[in-house]
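Visitor: Protein chains in written order, with this note's numbering: chain C, 1 to 147; chain Z, 1 to 63. The beta-carbon is built from N, C-alpha and C at its ideal position, and this holds for glycine as well.
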Amino acid sequence: MNLEHYPYLSSRDYLDYEFYSEGSKGRIKKLVVYQKINDEPLVYNLAFGDEDPENGTLLDKVTSSNDDRDTILATIAHTIGDFSDHYGRPMIHIVGSTIVRTRLYQMSISKIYDEICAVYTVQGYRDGAWEFFQKNANYEAFVVQKN
Amino acid sequence: MSTMKREAEIKPASLGGAIVSNSVKSHAGDPVVIKKAEGAKAFFKKAGFPKGKLSTFNHDTRG
């Protein structure tokens, strides 16, 4: 099984990651940031987006359209591996900045699910309840946890 | 294909592989990161937490 991803850098505390998307729109710097939101159970939020070239902050509503969404998601999946190995394999909450973006995450997760399910447990929230990820379902949010 | 991309064989222990760098700065105080974390906290208050990974879970999603 192969999962194409970008090389990526991590901060020394493994909470911040960055990589470059490369595609039809050029080279775009991406950020992945983990932040703890609950102690018991241990849950972190995953924030993802472009780096604002002017001030270095995270932009989560920019649409890059760089034709590499699946490669980006695979790279994020790899950062989850690094992060989880250093923080006790917590639950990681993932949701798009818009409903449309969450739906795109859903589609990308479905594409790589067969490859990541041996490594990660993925759950989705829909109709008022959490359930284990199903490819043909639409979710409001996701929780990923390294096995 | 970009020279920046590479193929990675996925094995249970192979996801990961970050290059640690002092150049990666913290975004813990980034307004968007804080806002998303607060949004996540509010979401879990409404939705509750999932039960977490279950060793007995059947990963078959072909249905």
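Sort out for me which residues DSSP pairs Ile-19 (chain Z) with in a bridge.
Guide: For the purposes of this step, residue 19 (chain Z) is identified with residue 19 of the second sequence, where counting begins at 1. Answer by DSSP bridge pairing, in chain order: C:Leu-9.
Visitor: Chain C beta carbons: is any one of them nearer than 7 Å to that of Pro-12 (chain Z)?
Guide: On the second sequence, position 12 is the one that residue 12 (chain Z) refers to. Bear in mind that a pLDDT of 44 at Pro-12 (chain Z), under 50, signals an unreliable position, so the model cannot answer this.
Visitor: Looking at the structure shown, is Gln-134 (chain C) part of a helix, part of a strand, or coil, going by DSSP?
Guide: Position 134 of the first sequence, counted from the start, is the residue given in the question as residue 134 (chain C). Gln-134 (chain C): coil per DSSP, three-state reduction.
Visitor: Does Leu-9 (chain C) have its Cβ less than 7 Å from a Cβ in chain Z?
Guide: The residue you call residue 9 (chain C) lines up with position 9 of the first sequence. Closer than 7 Å: yes.
Visitor: Just to confirm the assignment: which complete beta strand (DSSP E) runs, minimum length 3, are found wholly within the stretch 16-69 of chain C?
Guide: DSSP runs (the beta strand (DSSP E)) wholly in the stretch 16-69 of chain C: 16-23, 26-38, 43-51.
Visitor: Can you find the residues in the same chain that come closer than 8 Å, C-beta to C-beta, to Lys-51 (chain Z), ignoring five residues on each side of it along the sequence?
Guide: What you label residue 51 (chain Z) is simply residue 51 of the second sequence in a count that begins at 1. No residues qualify anywhere along the chain.
Visitor: With a cut-off of 8 Å on the beta carbons, I'd call Tyr-8 (chain C) and His-78 (chain C) a contact; round off their distance for me.
Guide: Locating residue 8 (chain C) in the first sequence gives position 8, counting from the first residue. Locating residue 78 (chain C) in the first sequence gives position 78, counting from the first residue. Rounded, the Cβ-Cβ distance is 7 Å, consistent with contact.
Visitor: Determine which residues share a DSSP beta bridge with Phe-142 (chain C) and list them.
Guide: Mapped onto the first sequence, residue 142 (chain C) falls at position 142. Paired residue(s): C:Ile-94, C:Gly-124.
Visitor: Going by DSSP in three states, Ala-129 (chain C) sits in which element: helix, strand or coil?
Guide: The residue given as residue 129 (chain C) occupies position 129 in the first sequence. Ala-129 (chain C): strand per DSSP, three-state reduction.
Visitor: Assuming Phe-44 (chain Z) is part of the alpha helix (DSSP H), what are its boundary residues?
Guide: Translated into positions along the second sequence, residue 44 (chain Z) becomes position 44. Note, Phe-44 (chain Z): alpha helix (DSSP H), 31-47.
Visitor: Chain C beta carbons: is any one of them nearer than 7 Å to that of Ala-37 (chain Z)?
Guide: If you number the second sequence from 1, residue 37 (chain Z) lands on position 37. So, interface residue.
Visitor: Any beta-carbon of chain Z closer than 7 Å to the one on Ala-137 (chain C)?
Guide: Along the first sequence, read from residue 1 onward, the residue named residue 137 (chain C) stands at position 137. Ala-137 (chain C) does not count as touching chain Z.
Visitor: Checking contacts by CB at 7 Å: is Ala-18 (chain Z) closer than that to chain C?
Guide: For the purposes of this step, residue 18 (chain Z) is taken as the residue at position 18 of the second sequence. Chain C, which has a Cβ nearer than 7 Å to the Cβ of Ala-18 (chain Z), makes this yes.
Visitor: Of the choices C:Val-43, C:Asp-50, C:Phe-132, whose alpha-carbon is the least far from that of Gly-26 (chain C)?
Guide: Here residue 26 (chain C) refers to the residue found at position 26 when the first sequence is read from its first residue. Here the closest residue by C-alpha is C:Asp-50.
Visitor: Compare the C-alpha of Gly-17 (chain Z) against each of C:Ile-28, C:Ser-24, C:His-5 and name the closest.
Guide: Here residue 17 (chain Z) refers to the residue found at position 17 when the second sequence is read from its first residue. Comparing Cα-Cα distances from Gly-17 (chain Z) to each of C:Ile-28, C:Ser-24, C:His-5, the minimum goes to C:His-5.
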